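Participant:
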Amino acid sequence: MEDHQGKQVVLLTGCSGGGIGHALARAFAAKNCLVVATARSLSSMADLSNDPRFFLQELDILSDQSVHRVVSSVIEKFGRIDVVVNNAGVQCIGPLAEVPLSNAQQTFDTNVFGTMRLIQAVIPHMESRKKGKIVNVGSVTVLGPGPWAGVYTASKAALHSLTDTLRLELRPFGIDVINVVPGAVKSNIGNSAIATYIKMPEWKLYKQFEESIKARAYFSQGQKATPAEEFAKKTVNEVLKKNPPAWFSAGQYSTIMAIMYHLPLSIKDYILRKAMKC
Amino acid sequence: MSEGKVVLVTGCAKGGIGYEYCKAFAEQNCRVFASDIPTRMHDMLELESVDKIETLELDVSSEDSVSSAVNSVISKCGRIDVLINNAGIGSAGPLAELPLEVVRKAYEVNTLGQLRMVQHVVPHMASQRCGSIVNIGSVVGKVPTPWAGSYCATKAAVHAMSDALRVELRPFNVDVILVLPGAVRSNFGDTNMEKLGNYDWKLYKEFKEAIAERARASQGSKATDAALFARHVAKKVLSPRPPKQVVFGHMTGLFALLSWSPLWARDLFFSTRFKLNKKAFL
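If you're matching them up, the sequences are chains A and B in order.
Going by the numbering used here, the first residue of the first sequence is number 130, and it counts up by one from there.
Going by the numbering used here, the first residue of the second sequence is number 361, and it counts up by one from there.
Have a look at this one:
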């Protein structure tokens, strides 16, 4: 085991270049943390490979084996894991009445069960030290679920719910659980959403909505979307606090959505219908 | 106006709320199709003797089963007016230790099962240009509790889906109604307790009693009578302009208050209620 006194060991998922995870990894490194950046393939993190501040690992959160391999190798190398950031996630665009159930399943597999798999793998270790932080990346869409991204929003709603329960259940072990809730932040989410979308069968009932459905993929990627670096810097500041908040939200639309949460359903529906052209 | 409306209800075995939905809709002169999984068919025998109720096999986690059940309703009645997405299972236990397969199973029935039903029913309702989809959520879908995180998450997902669906189905004149039951008396607590008996928690050994307490929490002496609850829902669903949400039953006031409270207040409430306000064996 190497000597890394005083530095926080941070394990992040979904760190491919261009995404929020990549920006978070760099922001943690800038704060003098030991960063374990992971993604499904090492090549997607190639630009970090020559930087000694990063320990890069291939990680597929869908696989028990992969998760256990990475967690053990981090503990072997650094002796501990202080912070886990569950950032890996996929978008799923399509009307609920027609979106292929296999796509819904894949979305939940990654966003919900993949996240839970890693959490379950690190808890025994954090519990033994009576210390640790688990950061789950949710979404502001949960505060006002709109059309064309029902599966994605449902998966994030499930994750928010799990985060709330985990925060209570892990408190006796000294483990903090933080829900990080991004608004519209520049990332790969639009492009990867479209890559999945174009493989779906043609809509039957929703043919005439094709354009607005497709536009939903890029809704969070407009001109005014918050740069990932800016979002990451703020998030890291909050996470590294001695007493981190239970909830941290930032990025374009985060204030609007916080207000949306408290609006009557009829007004919510009206706004979302106009915004998403449904 | 509800004369002859065709209603399909999932999860109708005796002891649950689904059973009471069937009777409540039949009382309103609807033609009711009561359904459940093959091994529970005998728990619906008494429903069959009720005028206007027929039973059929339907497993919401099976594509084939859902498709054949919906087709059989269509071939008998030519239409389907109301879907009651009621089938659901409990899932109690601390998230750190509950096996992932158990978490997934709850999601497959409670969340994906509802979506599967919706996908099979919507084409018929869209072509009729009318219909009502009633998704059963829960007050804990809005405000999650400890020791039942897996169940709460499936219902949170149901709430989000219902919100999106309500907007998406509006162009087809199909109503989506989300029901948030509070504490309603059913066999839910017993079933939860039975399942809990199978686990031997490691990290949470000393919380065993608190976990059991949560599994029973909705079944206290003040829990709302299921028949009364079902009648209330049926009346709302069949009204000329159905509401977007029906929130009813014991403890709904408490949960409404919690949903508007800041997180620290919610956490304080639950950690006191379910014995999480101490440091574990330090």
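All C-beta atoms in this analysis are idealised placements derived from N, C-alpha and C, irrespective of residue type, glycine included.
Owing to the predicted nature of the structure, the values given are computational and were not obtained by experimental measurement.
#1: Would T325 of chain A count as contacting chain B if we go by Cβ distances under 7 Å?
#2: Is the region 211-219 of chain A in contact with the region 138-145 of chain A, if contact means three or more CB pairs nearer than 8 Å?
#3: Residues in its own chain within less than 6 Å of G509 of chain B by CB, not counting five upstream and five downstream?
#4: Suppose you measure from the CA of P398 of chain B to the CA of S422 of chain B; what does that come to, to the nearest Å?
#5: Within the chosen definition, does the region 283-298 of chain A reach the region 362-369 of chain A through at least 3 CB pairs nearer than 8 Å?
#6: Would a check of beta-carbon distances place T364 of chain A closer than 7 Å to chain B?
#7: Nearest to K370 of chain A by alpha carbon, out of A:I307, A:Q337, A:I385?
#8: With Q235 of chain A as the anchor, note down where its alpha helix (DSSP H) starts and where it stops.
#9: How should L407 of chain B be labelled, buried or exposed, when 16 other C-beta atoms within 10 angstroms of its C-beta is the threshold for buried?
#10: So, using beta-carbon positions, are V271 of chain A and V228 of chain A closer together than 7 Å?
#11: Anyone know if the C-beta pair for A386 of chain B and A286 of chain A falls short of 7 Å?
#12: Considering only the alpha carbon of each residue, which of A:I385, A:A387, A:S383, A:E367 lies closest to D262 of chain A?
#13: Are the C-beta atoms of G509 of chain B and some chain A residue less than 7 Å apart?
#14: Under a three-way DSSP split, which group does L540 of chain B fall into?
#15: Which two residues bound the contiguous beta strand (DSSP E) that contains I397 of chain B?
#16: Is the CB-CB distance between N240 of chain A and G218 of chain A below 7 Å?
#17: Relative to chain B, which residues along the region 230-257 of chain A have a C-beta separation below 8 Å, given in chain order?
#18: Using 7 Å as the limit for Cβ to Cβ distance, is D523 of chain B near chain A?
#19: Excluding five sequence neighbours on each side, which residues of the same chain lie with their C-beta closer than 7 Å to the C-beta of L642 of chain B?
#20: Pick helix, strand or coil for K136 of chain A, following the three-state DSSP scheme.
#21: Whose C-beta lies closer than 7 Å to the C-beta of A583 of chain B among residues of the same chain, with five residues either side of it excluded?
#22: Check N215 of chain A in the structure and name its three-state DSSP category.
#23: Looking at the C-beta of A469 of chain B, does it have a partner C-beta in chain A at a distance below 7 Å?
#24: Closest Cβ-Cβ distance between D398 of chain A and chain B: below 7 Å?
#25: Report the residue from A:M389, A:G148, A:L171 whose alpha carbon sits nearest the alpha carbon of Q350 of chain A.
#26: Could you tell me whether any Cβ in chain A is nearer than 7 Å to the Cβ of L455 of chain B?
#27: Between the Cα of L273 of chain A and the Cα atoms of A:A387, A:Q249, A:V314, A:F302, which residue gives the shortest distance?
#28: Please determine, among B:P531, B:R489, B:V518, B:N547, the residue with the shortest C-alpha to C-alpha distance to I537 of chain B.
#29: Given a threshold of 16 other Cβ atoms within 10 Å of its Cβ, counted over all protein chains shown, does N558 of chain B qualify as buried or as exposed?
#30: For A575 of chain B, decide whether its Cβ has a neighbour in chain A, counting only Cβ atoms nearer than 7 Å.
#31: Taking 8 Å as the threshold, find out whether the region 586-594 of chain B comes into contact with the region 371-387 of chain B through three or more Cβ pairs.
#32: Taking Cβ positions only, does E569 of chain B come closer than 7 Å to chain A?
#33: For K555 of chain B and chain A, any beta-carbon pair shorter than 7 Å?
#34: Quick one: what's got a C-beta closer than 8 Å to K136 of chain A's C-beta in the same chain, skipping five residues either side?
#35: Is H391 of chain A buried or exposed, if buried means 16 or more other CB atoms sit within 10 Å of its CB?
#36: To be precise: take each residue of the region 307-333 of chain A, compare its Cβ to all Cβ atoms of chain B, and keep it if any distance is under 8 Å. Which residues remain?
Facilitator: On the basis of the data shown:
#1: Locating residue 325 of chain A in the first sequence gives position 196, where the first residue counts as 1. Answer no: the Cβ-Cβ gap between T325 of chain A and chain B never drops below 7 Å.
#2: yes
#3: In the second sequence, residue 509 of chain B corresponds to position 149, counting from 1. Cβ neighbours of G509 of chain B beyond the five flanking positions: L455.
#4: The residue labelled residue 398 of chain B in the question sits at position 38 within the second sequence. The residue labelled residue 422 of chain B in the question sits at position 62 within the second sequence. The straight-line gap from Cα to Cα measures roughly 12 Å.
#5: no
#6: As a working mapping, residue 364 of chain A is identified with position 235 in the first sequence. By this cut-off, T364 of chain A is not an interface position.
#7: Reading the first sequence from its first residue, position 241 is the one you call residue 370 of chain A. Nearest option by C-alpha distance: A:I307.
#8: Along the first sequence, one-based indexing puts residue 235 of chain A at 106. Looking at the DSSP string, the run of the alpha helix (DSSP H) that includes Q235 of chain A is 230-237.
#9: Sequence index remark: in the second sequence, residue 407 of chain B carries index 47 (1-based). Its Cβ being crowded by 16 or more others within 10 Å, L407 of chain B is buried.
#10: Reading the first sequence from its first residue, position 142 is the one you call residue 271 of chain A. Reading the first sequence from its first residue, position 99 is the one you call residue 228 of chain A. Against a cut-off of 7 Å, the Cβ pair of V228 of chain A and V271 of chain A comes out as no contact.
#11: Taking the first residue of the second sequence as position 1, residue 386 of chain B is located at position 26. Taking the first residue of the first sequence as position 1, residue 286 of chain A is located at position 157. No; because the gap between Cβ atoms is not below 7 Å, this pair is not in contact.
#12: Counted from its first residue, the first sequence places residue 262 of chain A at position 133. In the sequence as presented, Asp is not what sits at residue 262 of chain A; that position holds Lys. Minimum Cα distance to K262 of chain A is reached at A:E367.
#13: On the second sequence, residue 509 of chain B is found 149 positions in, with the first residue counted as 1. With 7 Å as the cut-off, G509 of chain B counts as an interface residue toward chain A.
#14: Counted from its first residue, the second sequence places residue 540 of chain B at position 180. It is a strand residue.
#15: Position 37 of the second sequence, counting from 1, holds the residue named residue 397 of chain B. Per DSSP, I397 of chain B belongs to no beta strand (DSSP E) and is neither H nor E.
#16: Locating residue 240 of chain A in the first sequence gives position 111, where the first residue counts as 1. Locating residue 218 of chain A in the first sequence gives position 89, where the first residue counts as 1. Yes, Cβ-Cβ distance for N240 of chain A and G218 of chain A is below 7 Å.
#17: L230, A233, Q234, F237, V241, F242, M245, R246, I248, Q249, I252, P253, E256
#18: Here residue 523 of chain B is taken as the residue at index 163 of the second sequence, counted from 1. Answer yes: the Cβ-Cβ gap between D523 of chain B and chain A drops below 7 Å somewhere.
#19: As a working mapping, residue 642 of chain B is identified with position 282 in the second sequence. Unreliable placement is indicated for L642 of chain B, whose pLDDT of 46 sits below 50; no coordinate value is reported for it.
#20: Here the question's residue 136 of chain A lines up with position 7 in the first sequence. Coil at K136 of chain A, not helix or strand.
#21: Taking the first residue of the second sequence as 1, we reach residue 583 of chain B at position 223. A543, V544, R545, H610, listed in sequence order.
#22: Taking the first sequence and counting its residues from 1, one reaches residue 215 of chain A at position 86. Looking at N215 of chain A - three-state DSSP - the assignment turns out to be strand.
#23: Translated into the one-based positions of the second sequence, residue 469 of chain B becomes position 109. A small correction: the amino acid at residue 469 of chain B is Val; Ala does not occupy that position in the sequence shown. Taking Cβ atoms only, chain A never reaches closer than 7 Å to V469 of chain B, which makes this a no.
#24: Walking along the first sequence from the start, residue 398 of chain A turns up at place 269. Cβ-Cβ to chain B under 7 Å: yes for D398 of chain A.
#25: On the first sequence, position 221 is the one that residue 350 of chain A refers to. With distances taken between Cα atoms, Q350 of chain A lies closest to A:G148.
#26: As a first step, residue 455 of chain B is located in the second sequence; it is residue number 95 there, counting from the start. Yes, L455 of chain B counts as interfacial toward chain A.
#27: Position 144 of the first sequence, counted from the first residue, corresponds to residue 273 of chain A. It should be noted that the sequence gives Gly, not Leu, for residue 273 of chain A. Measuring from the Cα of G273 of chain A, the nearest candidate turns out to be A:A387.
#28: Walking along the second sequence from the start, residue 537 of chain B turns up at place 177. Closest option to I537 of chain B, Cα to Cα, is B:V518.
#29: Taking the second sequence and counting its residues from 1, the one referred to as residue 558 of chain B is at position 198. Exposed, since its Cβ has fewer than 16 Cβ neighbours within 10 Å.
#30: Here the question's residue 575 of chain B lines up with position 215 in the second sequence. Not closer than 7 Å to any Cβ of chain A, the Cβ of A575 of chain B fails to qualify, so no.
#31: yes
#32: Within the second sequence, residue 569 of chain B is the residue found at index 209, counting from 1. E569 of chain B does not count as touching chain A.
#33: Stepping through the second sequence from its first residue, residue 555 of chain B is reached at position 195. By this cut-off, K555 of chain B is not an interface position.
#34: In the first sequence, the residue the question calls residue 136 of chain A occupies position 7. The answer, listed in chain order, is N161, C162, L163.
#35: Position 262 of the first sequence, counted from the first residue, corresponds to residue 391 of chain A. So H391 of chain A counts as exposed.
#36: K333
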